[in-house]
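**Q**
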Amino acid sequence: MVNYNLERDGANPEKEADMAESQKNISALMCELSVALAELSQKMSNLAVTLENNYLESNAPEPAAMLEAARETIEKARSS
């Protein structure tokens, strides 16, 4: 662990404890962010699969089918 104590005239245990607590808080926040990003990535992947499936199930011409599938998927995502 990196020591961020910049005082030259001796260690300050209170500041060191505060820094350690701050580092733990930052670490916990980074873990939460990592989990949230993983969940977002999974949702985006599911959305892409749903969009592709909707497109493949439609018999409309390619551009119109893709646009309609995208609109339906976005509306479903907004409502949930």
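Heads up, the working numbering is the position in the sequence shown plus 343, with the first residue counted as 1.
Ideal Cβ placement from N, Cα and C applies to all residues, glycine included.
As the structure is a computational prediction, the values presented were derived from the model and not from experiment.
Between TYR398 and ALA412, how many whole angstroms is the CB-CB distance? I'm expecting something under 8 Å.
**A** At roughly 4 Å, the Cβ-Cβ gap stays under 8 Å, so TYR398 and ALA412 are in contact.
**Q** Thinking THR416 and LEU390 are a contact (beta carbons under 8 Å), I'd like their distance in whole angstroms, please.
**A** Right, their Cβ atoms sit about 6 Å apart.
**Q** Is DSSP giving PRO404 helix, strand or coil here?
**A** Coil.
**Q** Using a Cβ-Cβ cutoff of less than 6 Å, which residues in the same chain neighbour ALA319 once the five nearest sequence positions on both sides are dropped?
**A** Within the shown structure, residues of the chain are numbered from 344 to 423, placing residue 319 beyond reach of any answer.
**Q** Hey, out of MET409, LYS386 and PRO404, whose CA is closest to ASN396's CA?
**A** The option with the nearest alpha carbon to ASN396 is MET409.
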